[in-house]
Amino acid sequence: MPIVEFPAAIVDLKYPLMRLRQALDGKGPVRIVAMGSSSTAGRADVVPYPYRLEMYLRQHYRDEDPHPNIRIDVLNRGKGGEEANEELGRFEADIFQDDPALVIWQVGTNAVFHNDKYDLDVVAGNIRKGLAQLRARGFEVLVIDPQYVTKMLWDDRAELSDKMVRLIRDAAEDAEVSLFQRWALMRHWHVQNNVSFEQLLDTSDPDQLHQSDWSTMQVSLALKNAIIKAATPTA
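Oh and the sequence shown: position 142 is 340 in my numbering, straight run, nothing missing.
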(Lines of atoms letter the chains of each structure in order from A and count residues from 1; the text may use other names and numbers.)
(Lines give C-alpha, C1' and ligand atoms only; values in the text may rest on other atoms or scores of the structure.)
Protein backbone atom coordinates (compact mmCIF):
# COMPACT_ATOMS: atom_id res chain seq x y z
CA MET A 1 0.00 0.00 0.00
CA PRO A 2 1.25 3.51 -0.76
CA ILE A 3 2.60 5.72 2.01
CA VAL A 4 0.58 8.91 2.36
CA GLU A 5 1.17 12.12 4.28
CA PHE A 6 -1.26 14.07 6.44
CA PRO A 7 0.10 17.64 6.13
CA ALA A 8 -0.93 19.79 9.10
CA ALA A 9 -1.55 22.73 6.74
CA ILE A 10 -4.31 20.69 5.09
CA VAL A 11 -5.60 18.49 7.92
CA ASP A 12 -5.62 20.71 11.03
CA LEU A 13 -8.94 22.33 11.90
CA LYS A 14 -9.12 26.10 12.20
CA TYR A 15 -11.22 26.20 15.39
CA PRO A 16 -11.01 24.23 18.65
CA LEU A 17 -13.96 21.89 19.26
CA MET A 18 -15.00 23.34 22.62
CA ARG A 19 -18.41 21.71 22.86
CA LEU A 20 -16.95 18.30 22.09
CA ARG A 21 -14.21 18.94 24.64
CA GLN A 22 -16.84 19.66 27.32
CA ALA A 23 -18.84 16.57 26.38
CA LEU A 24 -15.74 14.38 26.67
CA ASP A 25 -15.29 15.62 30.24
CA GLY A 26 -18.85 14.70 31.15
CA LYS A 27 -20.62 11.36 31.54
CA GLY A 28 -22.69 9.19 29.26
CA PRO A 29 -22.90 9.14 25.47
CA VAL A 30 -21.05 11.75 23.41
CA ARG A 31 -22.97 12.06 20.16
CA ILE A 32 -21.53 13.08 16.82
CA VAL A 33 -23.93 13.32 13.88
CA ALA A 34 -22.59 12.69 10.36
CA MET A 35 -24.85 14.34 7.76
CA GLY A 36 -24.19 13.87 4.07
CA SER A 37 -24.64 11.80 0.93
CA SER A 38 -23.16 8.47 -0.20
CA SER A 39 -19.65 9.28 1.14
CA THR A 40 -21.35 9.29 4.52
CA ALA A 41 -24.01 6.62 3.99
CA GLY A 42 -21.60 4.16 2.37
CA ARG A 43 -22.00 1.98 -0.71
CA ALA A 44 -21.16 -1.56 -1.80
CA ASP A 45 -18.40 -3.15 0.34
CA VAL A 46 -16.72 0.11 1.39
CA VAL A 47 -17.03 0.77 5.11
CA PRO A 48 -18.05 4.45 5.34
CA TYR A 49 -16.16 6.97 7.42
CA PRO A 50 -18.72 7.44 10.28
CA TYR A 51 -18.32 3.81 11.42
CA ARG A 52 -14.55 3.98 11.18
CA LEU A 53 -14.48 7.33 12.99
CA GLU A 54 -16.59 5.93 15.83
CA MET A 55 -14.24 2.95 16.20
CA TYR A 56 -11.07 5.12 16.10
CA LEU A 57 -12.42 7.67 18.59
CA ARG A 58 -13.67 5.00 20.98
CA GLN A 59 -10.27 3.31 20.81
CA HIS A 60 -8.41 6.57 21.45
CA TYR A 61 -10.52 7.64 24.44
CA ARG A 62 -10.37 4.14 25.90
CA ASP A 63 -6.69 3.31 25.45
CA GLU A 64 -4.60 6.40 24.66
CA ASP A 65 -6.43 9.16 26.54
CA PRO A 66 -8.80 7.30 28.89
CA HIS A 67 -12.20 8.90 29.48
CA PRO A 68 -13.94 6.03 31.32
CA ASN A 69 -17.24 7.87 31.84
CA ILE A 70 -18.09 8.47 28.19
CA ARG A 71 -19.08 6.49 25.12
CA ILE A 72 -18.75 7.99 21.67
CA ASP A 73 -21.55 7.38 19.19
CA VAL A 74 -21.19 8.57 15.60
CA LEU A 75 -24.71 8.59 14.14
CA ASN A 76 -24.73 8.01 10.39
CA ARG A 77 -27.29 10.31 8.74
CA GLY A 78 -25.98 9.92 5.21
CA LYS A 79 -28.37 9.49 2.29
CA GLY A 80 -26.95 8.66 -1.14
CA GLY A 81 -27.59 11.13 -3.97
CA GLU A 82 -28.59 14.04 -1.74
CA GLU A 83 -27.17 17.54 -1.60
CA ALA A 84 -27.52 20.48 0.81
CA ASN A 85 -30.85 21.37 -0.89
CA GLU A 86 -32.46 18.13 0.36
CA GLU A 87 -30.44 17.76 3.56
CA LEU A 88 -31.77 20.99 5.06
CA GLY A 89 -35.17 19.32 5.29
CA ARG A 90 -33.66 16.54 7.41
CA PHE A 91 -31.95 18.76 9.99
CA GLU A 92 -34.85 18.69 12.46
CA ALA A 93 -35.25 14.91 12.59
CA ASP A 94 -31.67 13.87 11.87
CA ILE A 95 -29.60 16.45 13.77
CA PHE A 96 -31.54 18.71 16.15
CA GLN A 97 -33.36 15.93 18.00
CA ASP A 98 -30.11 14.17 18.91
CA ASP A 99 -28.47 17.33 20.28
CA PRO A 100 -24.97 16.21 19.20
CA ALA A 101 -21.71 17.57 20.59
CA LEU A 102 -20.47 17.84 16.99
CA VAL A 103 -22.11 17.92 13.57
CA ILE A 104 -20.04 16.74 10.59
CA TRP A 105 -21.57 17.84 7.29
CA GLN A 106 -20.20 16.37 4.06
CA VAL A 107 -21.40 18.41 1.07
CA GLY A 108 -20.76 19.46 -2.50
CA THR A 109 -20.09 16.22 -4.37
CA ASN A 110 -23.52 15.70 -5.91
CA ALA A 111 -23.75 19.34 -6.97
CA VAL A 112 -20.81 18.65 -9.29
CA PHE A 113 -21.59 15.02 -10.19
CA HIS A 114 -25.25 15.79 -11.01
CA ASN A 115 -24.49 19.19 -12.52
CA ASP A 116 -27.55 18.85 -14.77
CA LYS A 117 -29.74 18.75 -11.64
CA TYR A 118 -28.07 21.29 -9.34
CA ASP A 119 -27.01 24.92 -9.56
CA LEU A 120 -23.77 25.34 -7.60
CA ASP A 121 -24.68 28.82 -6.37
CA VAL A 122 -28.05 27.60 -5.09
CA VAL A 123 -26.33 24.70 -3.30
CA ALA A 124 -23.78 27.12 -1.79
CA GLY A 125 -26.67 29.31 -0.60
CA ASN A 126 -28.25 26.30 1.10
CA ILE A 127 -24.94 25.36 2.71
CA ARG A 128 -24.79 28.88 4.14
CA LYS A 129 -28.41 28.58 5.29
CA GLY A 130 -27.69 25.22 6.95
CA LEU A 131 -24.57 26.50 8.70
CA ALA A 132 -26.52 29.51 9.97
CA GLN A 133 -29.24 27.22 11.37
CA LEU A 134 -26.69 25.00 13.09
CA ARG A 135 -24.76 27.94 14.52
CA ALA A 136 -27.96 29.64 15.74
CA ARG A 137 -28.70 26.53 17.80
CA GLY A 138 -25.19 26.52 19.25
CA PHE A 139 -23.89 23.43 17.45
CA GLU A 140 -20.24 22.96 16.61
CA VAL A 141 -19.87 22.08 12.95
CA LEU A 142 -17.18 20.51 10.82
CA VAL A 143 -17.71 20.69 7.04
CA ILE A 144 -16.20 18.10 4.66
CA ASP A 145 -15.73 19.08 1.02
CA PRO A 146 -15.80 16.72 -2.03
CA GLN A 147 -13.54 13.77 -2.83
CA TYR A 148 -10.72 14.18 -5.35
CA VAL A 149 -11.53 11.41 -7.83
CA THR A 150 -11.60 10.83 -11.59
CA LYS A 151 -15.27 11.67 -12.15
CA MET A 152 -14.91 15.06 -10.43
CA LEU A 153 -12.14 16.00 -12.88
CA TRP A 154 -13.57 14.85 -16.21
CA ASP A 155 -14.86 17.22 -18.90
CA ASP A 156 -16.36 20.40 -17.45
CA ARG A 157 -16.44 18.98 -13.93
CA ALA A 158 -12.86 20.02 -13.02
CA GLU A 159 -13.85 23.67 -13.17
CA LEU A 160 -17.09 23.00 -11.30
CA SER A 161 -15.22 21.04 -8.62
CA ASP A 162 -12.79 23.92 -8.07
CA LYS A 163 -15.70 26.32 -7.81
CA MET A 164 -17.61 24.08 -5.37
CA VAL A 165 -14.54 23.63 -3.16
CA ARG A 166 -14.07 27.41 -3.11
CA LEU A 167 -17.76 28.08 -2.34
CA ILE A 168 -17.69 25.59 0.56
CA ARG A 169 -14.47 27.15 1.93
CA ASP A 170 -16.01 30.63 1.77
CA ALA A 171 -19.22 29.47 3.48
CA ALA A 172 -17.23 27.80 6.28
CA GLU A 173 -15.05 30.90 6.70
CA ASP A 174 -18.05 33.23 6.94
CA ALA A 175 -19.86 30.94 9.41
CA GLU A 176 -16.63 30.56 11.42
CA VAL A 177 -16.73 26.77 11.36
CA SER A 178 -13.89 24.36 10.63
CA LEU A 179 -13.42 22.79 7.20
CA PHE A 180 -11.93 19.34 6.69
CA GLN A 181 -10.22 19.65 3.32
CA ARG A 182 -10.79 16.21 1.83
CA TRP A 183 -10.30 17.55 -1.71
CA ALA A 184 -6.89 19.09 -0.94
CA LEU A 185 -5.79 16.05 1.11
CA MET A 186 -6.62 13.51 -1.60
CA ARG A 187 -5.11 15.78 -4.24
CA HIS A 188 -1.91 15.88 -2.16
CA TRP A 189 -1.85 12.08 -2.07
CA HIS A 190 -2.31 11.87 -5.84
CA VAL A 191 0.07 14.68 -6.84
CA GLN A 192 2.73 14.58 -4.10
CA ASN A 193 2.58 10.97 -2.88
CA ASN A 194 1.99 9.45 -6.34
CA VAL A 195 -1.14 7.54 -5.31
CA SER A 196 -2.98 6.41 -8.44
CA PHE A 197 -6.67 7.06 -9.04
CA GLU A 198 -7.11 3.26 -9.17
CA GLN A 199 -5.95 3.20 -5.53
CA LEU A 200 -8.13 6.15 -4.49
CA LEU A 201 -11.23 4.88 -6.28
CA ASP A 202 -13.61 2.02 -5.64
CA THR A 203 -12.90 0.17 -8.90
CA SER A 204 -16.26 -1.65 -8.70
CA ASP A 205 -18.05 1.70 -9.00
CA PRO A 206 -19.09 2.29 -12.64
CA ASP A 207 -19.43 6.02 -11.92
CA GLN A 208 -15.74 6.37 -10.97
CA LEU A 209 -16.97 8.62 -8.17
CA HIS A 210 -16.67 6.79 -4.86
CA GLN A 211 -13.57 6.25 -2.78
CA SER A 212 -11.97 2.86 -2.23
CA ASP A 213 -12.03 1.16 1.15
CA TRP A 214 -8.33 2.05 1.51
CA SER A 215 -8.71 5.77 0.77
CA THR A 216 -11.84 5.95 2.95
CA MET A 217 -9.77 4.48 5.77
CA GLN A 218 -6.98 7.03 5.24
CA VAL A 219 -9.45 9.94 5.19
CA SER A 220 -11.10 8.55 8.35
CA LEU A 221 -7.74 8.40 10.11
CA ALA A 222 -6.92 11.98 9.10
CA LEU A 223 -10.35 13.12 10.30
CA LYS A 224 -9.94 11.27 13.61
CA ASN A 225 -6.55 12.92 14.20
CA ALA A 226 -7.93 16.37 13.33
CA ILE A 227 -10.90 15.99 15.68
CA ILE A 228 -8.79 14.71 18.59
CA LYS A 229 -6.31 17.57 18.16
CA ALA A 230 -9.11 20.18 18.05
CA ALA A 231 -10.85 18.63 21.08
CA THR A 232 -7.73 18.35 23.24
CA PRO A 233 -6.94 21.33 25.48
CA THR A 234 -3.55 22.87 24.81
CA ALA A 235 -1.27 22.94 27.80
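Backbone N, C-alpha and C fix where the C-beta goes; we use that ideal spot for every residue, glycine too.
- Rounded to whole angstroms, the gap between the alpha carbons of R269 and M253 is 11 Å.
- Between S237 and G279, the C-beta spacing is not below 9 Å.
- Taken in chain order, the unbroken stretches of beta strand (DSSP E) that lie wholly in the segment 364 to 412 and span 3 residues or more are 376 to 378.
- Judged by beta-carbon spacing, L340 lies within the 9 Å limit of V375, meaning their Cβ atoms are closer than that value.
- Boundaries for Q304: no alpha helix (DSSP H) harbours it, while the beta strand (DSSP E) harbouring it runs 300 to 304, taken from the DSSP string.
- Taken through DSSP and simplified to helix, strand or coil, A207 comes out as helix.
- Counted as a single uninterrupted DSSP element, the stretch harbouring M233 is not any alpha helix (DSSP H) but the beta strand (DSSP E) occupying residues 226 to 234.
- For the 9 Å CB-CB criterion, A428 and Y213 form a contact.
- Selection W303, L273, H265 evaluated against N283 yields W303 as nearest (Cα-Cα).
- Just so you know, the alpha carbons of L358 and V310 end up roughly 6 Å apart.
- In the three-state DSSP reduction, G276 falls in the strand class (E or B).
- For V341, the enclosing beta strand (DSSP E) starts and ends at 339 to 342.
- When secondary structure is reduced to three states using DSSP, R335 falls in the coil class, being assigned neither helix nor strand.
- Spanning the alpha carbons of S418 and L251 requires a straight line of approximately 6 Å.
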